[in-house]
Amino acid sequence: MDTDSKGTKDILFVVRRYNPETDGAPYNQEYTVLVEPGMTVLDGLHQIKNTQDATLVWRFSCRMGVCGSCGMLINGKPTLACNTQILHVTDRVLTVGPLPNFEIIKDLIPDLQPMFAKHISGRPHIHRDDWDPRAAPADEYYQTPEELIRFLQFSYCIKCGSCMAACPTLARDKSYLGPMPLAQVHRYNVDTRDGGFNERKKIAGGSAGVARCHYAGECSNVCPKGVDPARAIQLMKRDLVFSYLRLKKRKGVCGTIGPAPHAKRREGVPDPPPYTIEQKG
Amino acid sequence: MREAQFWTWHVLAGVVILVLGGLHMITMHLDGLWGLFSPFGGSAIAWDNVAERSRQIIFPILYILLLGVALFHGFYGLRNILFELGCGKGVRSLINFVLVAGGLVLFAYGSWAAIAAHAV
Amino acid sequence: MAEQKKFDNHLGLKGWWGGGRWGLERYMYTLHRLTGVSLVAYLVLHVLVTSSRAFGKGAWEKLMATVGVPVLHAGEFLVLLTFIFHACNGIRLVLVELGFAVGRAEEPVYPYRTSLNKQRPLLIVVMVLAAVLVAVSGYDFWSLH
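Residue numbers (our numbering), protein chains in the order written: chain A, 1 to 281; chain B, 1001 to 1120; chain C, 2001 to 2145.
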């Protein structure tokens, strides 16, 4: 029998498999897993790998919804495997597949490099013209709670790729930046510590930018951290339009606590370490 | 920023169409209930009403304006849909050319017709 | 790392249509595109047909008789429905895409209430408006002619 008094059930896992060395295209493989209440999809996958099929592979790390590694398509919805309790989404069949709108490396592992490259192209860091923050790394910035709340929501992004998988534009148009990179561009634009709006305008307002978003809203629907990238993109559209039509003057960047911005490094502050990844322009 | 600029005009054109297109819809489709701009009564597309509208200069002006914004709004939207099907640079240039050329030709023809109808 | 073979998992055009699991706004997006393309196609024909008034009464009435056949007349009501939907949804999109109906950034507390929840009342309002306009114009179109 497949239920007992504790609520444990036999659930049929239909898992998308793909081995680039032997397979031409992905196919489905079925496993039956005895699922207890509270087991997550990630727990189920571990059970399969430990007891049934050691060749199944996927990404995971923290298993508690903060690292963003285990983004997968679960019962047709992109979300985190560690955050999804099996018995909350099904009582018979669970389909698990790799995130759509990426290339699959193997089994449930998508190639997220294009997403990261798009993210980097939006210059997602504090940019100042008046000084280099690395010159005085221990200096602090003034910021009010109101200024913090303007970007805090969008800073919770864990780069899991669920929003990219859910976006209808990305289904066809690979050049579109996507909800995550654009939400991160907005996160820095509205951060009062940052002065890089004019630089990012060209990316966000370009042909791969906000004009490709049409508020289907699926990105916000699937985001496991409540980042609401759809909101970020629409707010950014307003900023871009107002900037273009010169309807609103942007406030200057906020200053720092402590000594005035430096032209040269203070004595005793070491040089920053060399870059560990290749810098392109 | 170029794309966001076009998009701004697309949205503004949409607002203009709401007003002018809305008036056009009321004229054409509420002719039984209201009869706005159809002084001879009956159907809004009866020749007498059409000729009367062509006669007053404000109508050709507004028709030409509506035609312009509608063509821009519609063709820019179509361009976006085609681009988002995922196409290369060459195809994008071709789409741009065809839509701009087609839009200009239609605008020229429609404007000529509005002015010619007024001059009759 | 050697070049490895990867499988392209983009959803393609199917990703525009979705099916079943998507939210309401996603279907509105698809419908808005469909109605938009239909209206562009109609606009092209409409400009060509109505420009015939420049050729005088005879040309105009002849063309109106041609497009006045029942099938095309009913089709014109379909165009009206399409325009009403596209316009009313467009009102919602103008407000949303200029950042006015999506709400401010806030601390996300689970269960998350996103901008979609915030703009849902607006969606209801514009669709009710559309329904009213369809009813009024439908009465004029079908009963009064």
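Quick reminder that beta carbons are idealized off the backbone N, C-alpha and C, glycines included.
So with CB distances below 8 Å, who are the chain A contacts of residue i?
i, result
"residue 1005(B)", "205, 244"
"residue 2012(C)", "171, 172"
"residue 2110(C)", "226"
List, in order along the chain, the chain B residues whose C-beta lies closer than 8 Å to that of residue i?
i, result
"residue 173(A)", "1083, 1084, 1085, 1086"
"residue 2087(C)", "1017, 1018, 1021, 1022"
"residue 202(A)", "1001"
"residue 190(A)", "By Cβ distance, chain B contributes nothing, its closest Cβ being about 17 Å from residue 190(A), past 8 Å."
In chain C, which residues lie less than 7 Å from residue i when you measure between Cβ atoms?
i, result
"residue 214(A)", "2029"
"residue 1078(B)", "2037, 2040"
"residue 103(A)", "2006, 2007, 2008, 2009"
"residue 1014(B)", "2090, 2094"
Would you kindly report the start and end of the unbroken alpha helix (DSSP H) that includes residue i?
i, result
"residue 29(A)", "Here residue 29(A) belongs to no alpha helix (DSSP H); instead the beta strand (DSSP E) covers 27-35."
"residue 1946(C)", "Since the displayed chain C opens at 2001 and closes at 2145, residue 1946(C) lies outside it and no answer follows."
"residue 11(A)", "Unbroken run through residue 11(A) is the beta strand (DSSP E), 9-17; no alpha helix (DSSP H)."
"residue 159(A)", "Residue 159(A) -> no alpha helix (DSSP H), and no H or E assigned at all."
"residue 239(A)", "229-244"
"residue 279(A)", "Taken as a continuous stretch (DSSP letters only), residue 279(A) belongs to no alpha helix (DSSP H), as it is neither H nor E."
"residue 2006(C)", "First-last for residue 2006(C): undefined, no H or E at that position."
"residue 127(A)", "No alpha helix (DSSP H) holds residue 127(A); DSSP gives it neither H nor E."
"residue 1010(B)", "1002-1029"
"residue 84(A)", "From DSSP, residue 84(A) is part of no alpha helix (DSSP H); its letter is neither H nor E."
"residue 1090(B)", "1089-1119"
"residue 214(A)", "Premise fails: residue 214(A) is in no alpha helix (DSSP H) and is neither H nor E."
"residue 21(A)", "It is not in any alpha helix (DSSP H) - residue 21(A) carries neither H nor E in the DSSP assignment."
"residue 251(A)", "Here residue 251(A) belongs to no alpha helix (DSSP H), and DSSP marks it neither H nor E."
"residue 189(A)", "179-189"
"residue 2107(C)", "Unbroken run through residue 2107(C): none, as it is neither H nor E."
"residue 2063(C)", "2057-2067"
"residue 100(A)", "Careful: residue 100(A) lies outside any alpha helix (DSSP H) and carries neither H nor E."
Among the options, whose alpha-carbon lies nearest the alpha-carbon of residue i?
i, options, result
"residue 58(A)", "26(A), 97(A), 86(A), 87(A)", "97(A)"
"residue 1107(B)", "1001(B), 1019(B), 1073(B)", "1073(B)"
"residue 2095(C)", "173(A), 91(A), 215(A)", "215(A)"
"residue 1064(B)", "1115(B), 1038(B), 1001(B), 1011(B)", "1115(B)"
"residue 2100(C)", "192(A), 232(A), 250(A), 226(A)", "232(A)"
"residue 2080(C)", "1053(B), 1007(B), 1021(B), 1052(B)", "1021(B)"
"residue 993(B)", "1032(B), 1104(B), 1112(B), 1001(B)", "Coverage of chain B is limited to positions 1001 through 1120, which leaves residue 993(B) absent and any answer about it impossible."
"residue 2117(C)", "2104(C), 2091(C), 2128(C)", "2104(C)"
"residue 175(A)", "207(A), 197(A), 160(A)", "207(A)"
"residue 227(A)", "131(A), 143(A), 160(A)", "160(A)"
"residue 2028(C)", "2144(C), 2124(C), 2133(C)", "2124(C)"
"residue 15(A)", "249(A), 45(A), 224(A), 24(A)", "45(A)"
"residue 43(A)", "22(A), 85(A), 27(A), 191(A)", "85(A)"
In chain B, which residues lie less than 9 Å from residue i when you measure between Cβ atoms?
i, result
"residue 210(A)", "1003, 1004, 1007"
"residue 248(A)", "Within chain B, no residue comes near residue 248(A); the closest Cβ sits about 14 Å away, beyond 9 Å."
Note down, in chain order, every chain C residue with its Cβ under 9 Å from the Cβ of residue i.
i, result
"residue 154(A)", "2105"
"residue 221(A)", "2022, 2023, 2025, 2026, 2114, 2116"
"residue 1038(B)", "Within 9 Å Cβ-Cβ: nothing; residue 1038(B) doesn't reach chain C, min ~12 Å."
"residue 1116(B)", "2051, 2053, 2054, 2055"
"residue 1098(B)", "The contacting residues do not exist; residue 1098(B) stays about 13 Å from chain C at best."
"residue 149(A)", "2104, 2105, 2106, 2107"
Tell me the residue span of the beta strand (DSSP E) that contains residue i.
i, result
"residue 73(A)", "71-74"
"residue 79(A)", "77-80"
Have a look at the DSSP bridge pairing and note the partners of residue i.
i, result
"residue 196(A)", "Residue 196(A) is not bridged to any residue."
"residue 1075(B)", "Its beta-bridge partners do not exist; DSSP assigns none."
"residue 94(A)", "13(A)"
"residue 147(A)", "Beta-bridge pairing links residue 147(A) to no other residue."
"residue 2114(C)", "For residue 2114(C), which the question treats as bridged, DSSP gives no partner whatsoever."
"residue 109(A)", "106(A)"
"residue 40(A)", "85(A)"
Which chain C residues sit within Cβ distance under 8 Å of residue i?
i, result
"residue 184(A)", "Within 8 Å Cβ-Cβ: nothing; residue 184(A) doesn't reach chain C, min ~13 Å."
"residue 1054(B)", "2053"
"residue 1000(B)", "Only positions 1001 to 1120 of chain B appear in the structure, and residue 1000(B) is not among them; the question remains open."
"residue 18(A)", "2007"
"residue 1166(B)", "Outside the displayed range of chain B (1001 to 1120) lies residue 1166(B), so it cannot be described from this structure."
"residue 1058(B)", "The contacting residues do not exist; residue 1058(B) stays about 16 Å from chain C at best."
Using the beta-carbon of each residue, which ones in chain D are nearer than 7 Å to residue i?
i, result
"residue 2096(C)", "No chain D appears in the structure shown, which is made up of the protein chains A, B and C."
Residue i touches chain B at which residues, Cβ-Cβ below 7 Å?
i, result
"residue 290(A)", "Within the shown structure, residues of chain A are numbered from 1 to 281, placing residue 290(A) beyond reach of any answer."
Inset, instruction - Would you check if there are 3 or more beta carbon pairs closer than 8 Å linking the segment 2067-2081 of chain C to the segment 2103-2110 of chain C? - result: no
Legend entry - Three-pair Cβ contact test at 8 Å for the segment 72-82 of chain A versus the segment 215-230 of chain A: yes
Legend entry - Stretch-stretch touch, CB-based, cutoff 8 Å, three pairs: the segment 183-191 of chain A with the segment 120-128 of chain A: yes
Inset, instruction - Decide yes or no for the touch test of the segment 162-176 of chain A against the segment 99-107 of chain A: beta carbon pairs closer than 8 Å, at least 3 of them. - result: yes
Legend entry - Cβ contact check for the segment 2013-2033 of chain C and the segment 1045-1060 of chain B: 3 or more pairs under 8 Å: no
Inset, instruction - Determine contact between the segment 1027-1035 of chain B and the segment 2134-2143 of chain C, defined as no fewer than three beta-carbon pairs at a distance below 8 Å. - result: yes
Inset, instruction - Taking 8 Å as the threshold, find out whether the segment 103-112 of chain A comes into contact with the segment 2004-2013 of chain C through three or more Cβ pairs. - result: yes
Legend entry - Stretch pair the segment 9-24 of chain A + the segment 33-40 of chain A: three plus CB contacts closer than 8 Å: yes
Inset, instruction - Take every Cβ of the segment 1074-1087 of chain B, pair it with every Cβ of the segment 2032-2041 of chain C, and state whether three or more of those distances are shorter than 8 Å. - result: yes
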